[in-house]
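>
In full-length UniProt numbering, the protein residues as written are 1 to 890.
1. Tell me residue 356's beta-bridge partners as DSSP assigns them.
2. Are residue 621 and residue 662 closer than 8 angstroms when you measure CB to CB?
3. Nearest to residue 637 by CA position, among 799, 563 and 613, is which residue?
4. With a floor of 4 residues, list each alpha helix (DSSP H) that falls wholly inside the segment 18-92, ordered by position along the chain.
5. Assign residue 597 to one of three DSSP states: helix, strand, or coil.
6. Return helix, strand or coil for residue 256, following the three-state DSSP convention.
7. What are the start and end residues of the alpha helix (DSSP H) that includes residue 124?
8. Who does residue 462 pair with in a DSSP beta bridge?
9. Secondary structure at residue 795, three-state DSSP: helix, strand or coil?
10. Which full runs of the alpha helix (DSSP H) of 4+ residues lie inside the segment 269-342, going along the chain?
11. How long is the line joining the alpha carbons of residue 878 and residue 835, rounded to whole angstroms?
12. Return the chain-ordered list of same chain residues with a C-beta closer than 7 angstroms to the C-beta of residue 726, the five sequence neighbours on each side being excluded.
13. Three or more beta-carbon pairs under 8 angstroms between the segment 133-143 and the segment 22-32, yes or no?
14. Would residue 814 be called buried (16 or more neighbouring beta carbons within 10 Å of its own) or exposed?
15. Considering only the beta carbon of each residue, do residue 284 and residue 358 sit closer than 8 angstroms?
16. Please return the same chain residues whose Cβ sits closer than 6 angstroms to the Cβ of residue 609, not counting the five positions on each side in sequence.
17. Would you identify the three-state DSSP class for residue 772, choosing helix, strand or coil?
18. From what residue to what residue does the alpha helix (DSSP H) around residue 783 run?
19. Across which residues does DSSP place residue 215 in a beta bridge pair?
20. In terms of residues, what are the limits of the beta strand (DSSP E) holding residue 247?
21. Are the CB atoms of residue 182 and residue 350 within a distance shorter than 8 angstroms?
22. Taking the Cβ atom as the reference point for each residue, do residue 659 and residue 787 lie within a distance shorter than 8 angstroms?
23. Roughly how many angstroms lie between the CA atoms of residue 269 and residue 225, to the nearest whole one?
24. Residues in its own chain within less than 8 angstroms of residue 308 by CB, not counting five upstream and five downstream?
25. Quick check: the segment 513-529 against the segment 487-500, are at least 3 beta-carbon pairs closer than 8 angstroms?
26. Please determine, among 291, 829 and 875, the residue with the shortest C-alpha to C-alpha distance to residue 846.
27. Spell out a yes or no on whether the segment 191-204 and the segment 327-338 are touching, meaning 3 or more CB-CB pairs, one atom from each, closer than 8 angstroms.
28. For residue 722, which option in 35, 93, 677 and 71 has the closest C-alpha, if you only look at C-alpha atoms?
29. Tell me where the alpha helix (DSSP H) around residue 610 begins and ends.
30. Under three-state DSSP, which class holds residue 692?
31. In this structure, does DSSP put residue 563 in helix, strand or coil?
32. Please report how far the alpha carbon of residue 839 lies from the alpha carbon of residue 734, in whole angstroms.
33. Mind checking which residues open and close the beta strand (DSSP E) that includes residue 384?
34. Hey, how far is the Cα of residue 439 from the Cα of residue 293?
35. Measure from the alpha carbon of residue 229 to the alpha carbon of each residue in 785, 254 and 626, then state which is nearest.
36. Buried or exposed for residue 613, please, with buried defined as at least 16 other CB atoms from any protein chain shown within 10 angstroms of its CB.
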C-alpha cells in the first residue's frame, strides 16, 4: 500500500493513467485472440466537430460497455474514427476562405479548394479525438479511421459501382429538397419539419373573360410568377363549372387554365389551389398528370429569377415575399392576410428553409429492405428502448428512393465518367442507368479511365451518409472482420435512426450477408433545466472540457450517467456533475482512510460480526445488480446502485459502525475482521465501478497494492473478481441472521439520532440510551449502536420503567428510551416548542382558509390544489409531533 495526498486532483491522475494505458497498449484488440469477441464501432463524429454533452453521454456508455467486456474475458474492439461531414466541412472551409482571403471556392477551382480542405482537416480534424482522450475513452486508437481514407474511399466507390450495375442506382430529374445556403440537394431525412408562425395570403385571380374571379390562398406569394394553373376539386359546386376556363396570373399577367383534380381539398383554404410545379412536390405531380409547363423562378441560392417582373428580379426569396405582398395590395388583388401556423422544412445542416427544386440527381433504390425489417421484427437485432422498433418499421414500410448525390466538392466523387461527345446529351437525359454502359457512353470505376482526356467525370459527390452506412465493416480489414463482425453493440441517438441505423442494417445484409450489430441502444437527448435542446445560439450548452477541468472526467461521466434515464430526455443540471466530483472525493477519502490503518493484522484470526457479514452479503448482491443493470442497458440504474452501495451502505453505515474496531486497544480479532472486510469491499467495488470511473479506480487500485499483488496488472487488465467465493463457508442461516441484525442495528441507530435531533442534542456525546427488550442483544450490537448514535452508551434493561414523558421510539431491537435528566433545560424547551406550535397554527389556519375558499378550489389547477392539501397535511403532522413532545415534558 502507498500513501495518498490529502486532496484528490483528477487532472493529474486522469492524464497519467490515460497516457499509461495507451503506452502499454491496453486498448488494442487482437484479431488472433482465442477469447470471445466483443466489438463496437464509434458513431463517427464530424471532423469539424468539438466535444458536446451528447458525445459525452454517448461515448461514456460505449466505454462502460467495452471496459466491462474486457473485465469479463472478451477480446474487445472499440473502433474509433471521424466522418468527413461533406456539407458542414465545406461550408466551414468556404467561410474561413472568404474571411481570410476574400475568395470563393470557385475562384480557387476544385483541386486547389480540396487542398485547402485537407489542410484544414489536418489542422483541426483531430480536435474531437483529443477531447475523447480527455474523457477517458478506451478506443483502439491505432485503428482510427476517416471516411475519406484511401481504402475507405475505394470501398465507397466499389459499392456505388456494384449497385449502379445492378440497376439500384440511377440518375433522373426529380423534385428534391434543396438547401439554398449549402447549394446542394438533401435527402428527406436531412429536412427537419419545424413549426412556424406564417401568414396565409388570399389573392384574387381574375377570370380571363372578365366574368368573375377566384380567391386563391397561398403562403408563398413570391412564387406566383411560376404558377401554371389553378386547380379545384371537380366535385366542388362552387368551381366545377369553371374548369376549362382561364384565369389571369397576378404579378406577371398571363392566362393560365383552371383544372380539376380530386387532390384539392374542398374544405381547405378557399378550395382553389395555385399550381407551381417547379416549387412544390405535390404541384409537380399534378403538373406531370396534366402535362403542365414547368417555370423555375428561383436561383440555386434562393433569389428571384424573373426579368418579366423587374421589381422582384434578383431579390432574396423572403424579401421578394414582402415586396410581392406590397405589389398585390397596391394592385387591389390582395383579398386577405391572416396568421397561419404551419410546418416548414428546414435544412438539417444550414438551419434555413429548404426549397423543393426540380433537379438532376443520383438516386438509390434501397437493397435488403425486407431483411432489415425482419431483423428487428424477429429479434435478431434488438432496439432499446423497444418503442423505436415501431418508428423504424414504419419508415421501412414507407421508404422512398434515397437521393445520394450532393452538389459539393468535398466528399466521395461520383465514380461515373461521360464520353465527351455524349456528355451534354447524357446530362440532359430524363434518366440514366446502367443500360448506358452497354453503349459505351459511360465509364464507371474507382480509377479514372485509361484515356481520361476523352471523358468528363460527374461533378457531384455522394451524400456523406452513403459512406457512413458502410462503417461497421469497411472500417475493418478482412482479418478484423472475421473476428469482430457482426459488431455487438451500437450506441447512438434516435435522431439518426433513418440517416444511419436503418441504412447500416441494409448495407450489412447486402454486402456482408449478416446484420451489422446485435443491439442498438438509443441514448437520451440532453436538454437544459427548462427543457430546451442545447445549442450554441441559446448559450445554454456548457463546454464539456470546462466541466472536466472543474469536476474531472470521472466526475463528469458519473454525474451525467446518474441523470440519464433510459428512453427519456435528460434535463442537464451542473449540480449533478458536482455530485459526481463529490462522489469521487468520497471514494478517495474512504480509500485514504483505509490506507491510514496500515496492513491487515494477518497474525490474528479475524472474528467477523454481523456487520462484516452483512456488508459482504450486500457486496455479493451488488455484483448481481450491476450485472442485471448492464444486461438490461439500464445505465441510470447502474449508477444509482453503485452510488447507494458505497455512499450509504459502506460509508454511512458500515464504516461508522466499525470505527471502534480500529482504535488503539480494540480487540485484535475485530480489527483483523474489519480491515480484511474493507479490503474485500474495496477490491470488488473498484472493479465494479471501473468502467464508469476508470481513472480514479485505477489510481486507488494501485495505491491499495492490488496491482502489485496481482502481478503488476493494472485494474483495466484485471478480470472482474468473482462474487462466488464471497461468504464461502457460511451457511445461509448465519448470513440471514447477520443481515437481520445489521438492518436492525442501522434502523435503531437512525431512530436514536432522530430522538436526539428532536431535542437539539445531535452533537451531545453524553447521551445514554436505554433499550428495553426481553430479547438478548449481543454486546457487539449495543457497542456499535452507541457509536452510530454518537452516544456515551446504550444499556439493555428489560425491566426499565421510564419516568413519565421520557422520549421513546419503537425499534427492531426493542423500545428505545432517551432519559433527558441533566441534558436539557425543560422550561426553555417548553417555550421553544410553544413558539414552534404557534407558528405552525398560523400556517395551518392560512392553508385551511385557502382550501375552504370554493373559488380557489374550483379555479386553481388540480396540481396546485393537491399541493396545498399536501402542505396542510404536513403542517398537521408536525403539529401532532410537537404536541407529543410538549406533553412529554409536562
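Every residue, glycine too, gets a C-beta built ideally from N, C-alpha and C.
Answer, in terms of the structure:
1. Translated into positions along the chain shown, residue 356 becomes position 356. Answer by DSSP bridge pairing, in chain order: 177.
2. For the purposes of this step, residue 621 is taken as residue 621 along the chain shown, with counting starting at 1. For the purposes of this step, residue 662 is taken as residue 662 along the chain shown, with counting starting at 1. Contact flag unset, no.
3. By 1-based counting over the chain shown, the position of residue 637 is 637. For the residues 799, 563 and 613, the minimum Cα distance to residue 637 belongs to 563.
4. 53-71
5. Here the question's residue 597 lines up with position 597 in the chain shown. DSSP places residue 597 in coil when its eight states are reduced to three.
6. Here residue 256 refers to the residue found at position 256 of the chain shown. Strand, per DSSP.
7. The residue you call residue 124 lines up with position 124 of the chain shown. 110-124 is the extent of the alpha helix (DSSP H) around residue 124.
8. The residue you call residue 462 lines up with position 462 of the chain shown. According to DSSP, residue 462 bridges with 405.
9. The sequence position of residue 795 within the chain shown is 795, counting from 1. Reduced to three states, the DSSP call for residue 795 is strand.
10. 281-290 and 317-330
11. Numbered from its first residue, the chain shown carries residue 878 at position 878. Numbered from its first residue, the chain shown carries residue 835 at position 835. Between residue 878 and residue 835, the C-alpha separation is close to 13 angstroms.
12. Within the chain shown, the letter at position 726 stands for residue 726. So the list reads 616, 619 and 620, once near-sequence residues are dropped.
13. yes
14. In the chain shown, counting from the first residue as 1, residue 814 sits at position 814. It counts as buried.
15. Here residue 284 corresponds to residue number 284 of the chain shown, with the count starting at 1. Here residue 358 corresponds to residue number 358 of the chain shown, with the count starting at 1. A contact, by the Cβ cut-off of 8 angstroms.
16. Residue mapping note: residue 609 aligns to position 609 of the chain shown, counting from 1. Excluding sequence neighbours, residue 609 sits near 780.
17. Numbered from 1 along the chain shown, position 772 holds the residue referred to as residue 772. If DSSP states are grouped into helix, strand and coil, residue 772 belongs with the strands.
18. On the chain shown, position 783 is the one that residue 783 refers to. Where residue 783 is concerned, the enclosing alpha helix (DSSP H) stretches over 779-788.
19. By one-based count along the chain shown, residue 215 stands at place 215. 204, per the DSSP bridge assignment.
20. By one-based count along the chain shown, residue 247 stands at place 247. Taken as a continuous stretch (DSSP letters only), the beta strand (DSSP E) holding residue 247 covers 246-248.
21. Here residue 350 is taken as the residue at index 350 of the chain shown, counted from 1. Here residue 182 is taken as the residue at index 182 of the chain shown, counted from 1. Cβ atoms of residue 350 and residue 182: closer than 8 angstroms.
22. Counted from its first residue, the chain shown places residue 659 at position 659. Counted from its first residue, the chain shown places residue 787 at position 787. Yes; because the gap between Cβ atoms is below 8 angstroms, this pair is in contact.
23. Here residue 269 corresponds to residue number 269 of the chain shown, with the count starting at 1. Here residue 225 corresponds to residue number 225 of the chain shown, with the count starting at 1. Roughly 21 angstroms between the two C-alpha positions.
24. As a working mapping, residue 308 is identified with position 308 in the chain shown. Within the same chain, residue 308 has close Cβ partners 225 and 252.
25. yes
26. As a position in the chain shown, residue 846 is number 846, starting the count at 1. Closest by alpha carbon: 875.
27. yes
28. What you label residue 722 is simply residue 722 of the chain shown in a count that begins at 1. The shortest Cα separation from residue 722 among 35, 93, 677 and 71 belongs to 71.
29. Position 610 of the chain shown, counted from the first residue, corresponds to residue 610. Run containing residue 610: 610-631, per the alpha helix (DSSP H) assignment.
30. Residue numbering aside, residue 692 sits at position 692 when the chain shown is read from its first letter. Here residue 692 sits in coil by DSSP.
31. Counting from one through the chain shown, the residue named residue 563 turns up at place 563. Residue 563: coil per DSSP, three-state reduction.
32. The residue given as residue 839 occupies position 839 in the chain shown. The residue given as residue 734 occupies position 734 in the chain shown. Approximately 51 angstroms between the Cα atoms of the pair.
33. One-based indexing of the chain shown puts residue 384 at position 384. Unbroken beta strand (DSSP E) run through residue 384: 382-384.
34. Position 439 of the chain shown holds residue 439. Position 293 of the chain shown holds residue 293. Spanning the two alpha carbons is a distance of roughly 32 angstroms.
35. In the chain shown, residue 229 corresponds to position 229, counting from 1. For the residues 785, 254 and 626, the minimum Cα distance to residue 229 belongs to 254.
36. Your numbering for residue 613 matches position 613 in the chain shown. It counts as buried.
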